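Below is one structure, written out as C-alpha cells, with a few remarks after it.
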Amino acid sequence: MKGETETGGVRKTGIPSMKELRASPGYPGPELLARGPIAVIECVQDIPCNPCEAACRRGAIHVGNPITNLPVFYGEKCNGCGNCIPVCPGQAIFLVDMTYSEDRASVSFPYEFLPMPAKGDIVEGVNRAGEVVCRAEVLRVQKPKRFDHTAVITVAVPKELAMEVRSMKRLKREG
Amino acid sequence: MARKTEIAVVGAGPAGMAAAIEAGRAGARVIVIDENQRPGGQLFKQIHKFFGSEAHRAGTRGVQIGLDLLREAEEAGVATLLDTVVYGIFSDRCLGLAREHHTEELEADAVILATGASENALAFPGWTLPGVMGAGATQTLIHIHRVLPGKRALMVGAGNVGLIVSYQLLQAGAKVVAVVEGLPAIGGYGVHASKVRRAGVPILTGHTVLRAEGREGVERAVIARVDENWKPIAGTERTLEVDTICLAVGLSPLAELAWMAGCEFRYIPALGGWVPLHDGNMETTRKGIYVAGDLAGIEEASTAMEEGRLAGLAAAQSLGHLTRERGEKKKGEVHKRLAALRMGSFGEGRAISKEQILQARETV
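As given, the protein sequences belong to chains B and W, one line each in that order.
Throughout the first sequence, residue numbering follows the working numbering, covering 493 to 667 in sequence.
Throughout the second sequence, residue numbering follows the working numbering, covering 7 to 370 in sequence.
Encoded structure:
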C-alpha cells in the first residue's frame, strides 16, 4: 500500500491522509503551488504550538488564540524563504517549488540524521510512509547555526512526485 | 542539630528547578536535593525541539532548556545537593537525607516535592532477557552514557515517549524495526508519528508484543494483532529480528514521599494512577508541602516547569517573600500559560483531570 493512498490517517498509521491534508488550513491548493516556491504546512492536529507564526516575517502564517488553532496559511504572502521549516518542532513544514524546471520540482524538508548529504548527491526520495519513490538530486543543504541542528535539505524530484516526496532515505554510516 | 532551610525542593528535574528558581528569585533560601549526579532530570535526554508558545520556550531543545534552568538557578542563589537521597519525610517538614556514607536531617519551612515518575513495565514471556528495557533507559544509555543499546529495536507504545525515543534511536544509528501500539490509535502527537514513519518505521496500531526470544539476550520478538479487548488474534503472529525491546507503556507518579508525609491521594488513571491532591497553589493537604510535575499527575516537561513555578511562587509567598498582590499576579500569569498547554484534543483530558484534583482537594 502506497503512503498516498493509505486511508487510515495520521492517528492510525502516522501518515496524514490526503483528506486530512486538504482539510488543513495550512495546505496550499494547486493554484498557489503553480506560482513558485511555497510553504506546505502539514499540521493536522490541534496541539498547543505556534513558533511557525513568528517565524514568518511576512505574516503568511496565522495561529492566533488559542494556540491550539491549526496554522492558517495565506499563501499569496509567502515568498518561499523557508524560514518556517526548521522552526516547526513537529517537522511538519516543507517547501515545494513546482516551477523549478520543465519536468522537475524542488522539495525542501527538515533533516536531523547523520551523515548529511552534500550538494550534487543523488539520494533516494521517500514519501510520507518512508517508501522510496524516486531518485532525487540534492540541490542545497542549509544548516546555519540559527536552525539549531535541524538541516533543511532541498532536492529536485520528478514534478508529479512533488507532493509525495517529504524526506530522503537515511544515508549509511561508514564503518 | 538538623540543618535548616526555608524551602527544600526534592528533585532537580524541570519542575523542581523551575520551583527553586522562582522561590530563589523571590528571595527565599532554597536547597534542591537530587539523587543523581547531575541536575536536570529528564531534560538532558530531550534533544527534540519543544512545542508550545514562545513563553513556553517552544522551538528550543530540551537540552538547552535544561542548561538555561541550571544557569538561572545559580543566578537565583539556589543551592543544590546532588548524589543525595531523600529517604524520608518526618513531622514538621523534616527531610531525612542519605549522602555519601552518612545520613542527616534537613528542616524546611516549606517542602516542594518534584520527584517525577517511574516507567511502567510490561510483563510477557522473555521480558527479563537482557535487551528488554524501558524507553527511558534507552534514552539514558544514548544521551547520558553515549552507548547504543542495540542495533535493531522494537518499540512498544506509540505515545509521545515511544515515538520520540524511536526517533532518537534512529538518530543514534539504530534501526527501529517497528513501533507496536495496543490501542487502535496512536496516542502521541501525529507529527512525531509522521517523523518516525517518514524514516521508514512502521507504526502498528492494534498490535502488542507476545514474547521475547533468545538465549542470552533478546534475539527475536513475536508480535501479534489484538482485538478490542487486547486479546491476541490467533494466526496474526509475526517474528521480528530484534536485539532490543523498548517499553514505552506509560509512567506512574513517584509518590512515596507524598504518601509518607500523609498527603491525601486520589486514583486518577488519566494522570498515571495515585496522585496527591493539591490546590491551585500546588499545596497538598499537608500545610507547607507542595507538589509539582509528574508527581502531581503525568503530563510533560513544559507543564512540569509551569507547575514548578507555581509551587515556588506560592511557597515563597507563604513565607513572606512576595506580597499577596505580587504573588497572585505572578501566579495568574503561570495559570494562563498552564491553561494554554492543556488545550486541544491532547490536553483537554488532562485539564479535566487536574480540575478533579482541585475539586477533590476542596472537599477534604
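Positions of the beta carbon are idealized from the N, C-alpha and C atoms, including for glycine.
In this text the structure is predicted, and so the values were computed from the model without any measurement.
CB contact flag (residue i, residue j, <7 Å)
i, j, result
"V625 of chain B", "L653 of chain B", "yes"
"A322 of chain W", "A29 of chain W", "yes"
"L257 of chain W", "A357 of chain W", "no"
"L210 of chain W", "V182 of chain W", "no"
"L283 of chain W", "I363 of chain W", "yes"
"L119 of chain W", "V281 of chain W", "no"
"L371 of chain W", "V297 of chain W", "With chain W running from 7 to 370 in the structure shown, residue 371 of chain W is simply not present."
"I39 of chain W", "E78 of chain W", "no"
"G294 of chain W", "R99 of chain W", "yes"
"S516 of chain B", "V536 of chain B", "yes"
"I553 of chain B", "E545 of chain B", "yes"
"I539 of chain B", "F56 of chain W", "no"
"D285 of chain W", "P259 of chain W", "no"
"A218 of chain W", "G132 of chain W", "yes"
Cutoff 7 Å: residue i Cβ touching any chain W Cβ
i, result
"P543 of chain B", "yes"
"P463 of chain B", "In the structure as shown, chain B begins at 493 and stops at 667. Residue 463 of chain B is therefore absent and cannot be evaluated."
"C573 of chain B", "no"
"G506 of chain B", "yes"
"I553 of chain B", "no"
"E496 of chain B", "Here the model assigns E496 of chain B a pLDDT of 40, short of 50, so the residue's position is not dependable, and the following value carries that caveat. E496 of chain B does not count as touching chain W."
"I559 of chain B", "yes"
"Q537 of chain B", "yes"
"V502 of chain B", "yes"
"G556 of chain B", "no"
"S659 of chain B", "yes"
CA-to-CA distance, residue j to residue i, given in whole angstroms
i, j, result
"I37 of chain W", "G102 of chain W", "14 Å"
"M590 of chain B", "V599 of chain B", "9 Å"
"D375 of chain W", "H107 of chain W", "Since the first residue of chain W shown is 7 and the last is 370, residue 375 of chain W is not available in this structure."
"A18 of chain W", "G137 of chain W", "29 Å"
"I13 of chain W", "R44 of chain W", "20 Å"
"N571 of chain B", "P529 of chain B", "7 Å"
"N235 of chain W", "A64 of chain W", "38 Å"
"K360 of chain W", "R367 of chain W", "11 Å"
"G355 of chain W", "E523 of chain B", "39 Å"
"W265 of chain W", "M139 of chain W", "28 Å"
"S509 of chain B", "G500 of chain B", "7 Å"
"D233 of chain W", "H213 of chain W", "9 Å"
"G567 of chain B", "I71 of chain W", "33 Å"
"F50 of chain W", "D74 of chain W", "11 Å"
"P563 of chain B", "R9 of chain W", "53 Å"
"R665 of chain B", "G156 of chain W", "16 Å"
Helix, strand or coil at residue i according to DSSP, with G and I counted as helix
i, result
"P275 of chain W", "helix"
"P650 of chain B", "strand"
"I192 of chain W", "coil"
"C580 of chain B", "coil"
"T66 of chain W", "coil"
"C544 of chain B", "helix"
"Q634 of chain B", "strand"
"G460 of chain B", "It is not possible to answer for residue 460 of chain B, since the shown part of chain B is limited to 493 through 667."
"T309 of chain W", "helix"
"E616 of chain B", "strand"
"E234 of chain W", "coil"
"M349 of chain W", "coil"
"K342 of chain W", "helix"
Cβ of residue i within 7 Å of any chain B Cβ
i, result
"I37 of chain W", "no"
"I13 of chain W", "no"
"M349 of chain W", "yes"
"G294 of chain W", "no"
"R3 of chain W", "This structure cannot speak to residue 3 of chain W, because chain W is shown only from 7 to 370."
"I192 of chain W", "yes"
"S200 of chain W", "yes"
Task: Interfacial residues, the segment 51-69 of chain W to chain B, with Cβ spacing under 9 Å - done: Those residues of the segment 51-69 of chain W placed with their C-beta closer than 9 Å to a C-beta in chain B are I53, H54, K55, F56, F57, G58, S59, E60, H62, A64, G65, T66 and R67, ordered along the chain.
Open item on the list: Under 9 Å, CB to CB, which of the residues in the segment 161-186 of chain W have a partner in chain B?
Closed with: A164, L169, Y173, L176, Q177, G179 and V185
Open item on the list: Closer than 7 Å between beta carbons: that is the criterion. Which residues of the segment 584-617 of chain B meet it against chain W?
Closed with: A584, E604 and F605
- [ ] Could you run through the segment 514-528 of chain B and flag, in chain order, every residue whose CB is less than 7 Å away from some CB of chain W?
- [x] none
- [ ] Below 7 Å between beta carbons is the criterion; list the residues of the segment 300-320 of chain W that meet it against any residue of chain B, in chain order.
- [x] none
TODO: Compile a chain-ordered list of the residues in the segment 209-234 of chain W whose CB is closer than 8 Å to at least one CB of chain B.
DONE: Against chain B - using a Cβ distance shorter than 8 Å - the residues of the segment 209-234 of chain W are I209 and T211.
- [ ] Give, in chain order, every residue of the segment 620-639 of chain B whose Cβ lies closer than 7 Å to some Cβ of chain W.
- [x] R620, A621 and G622
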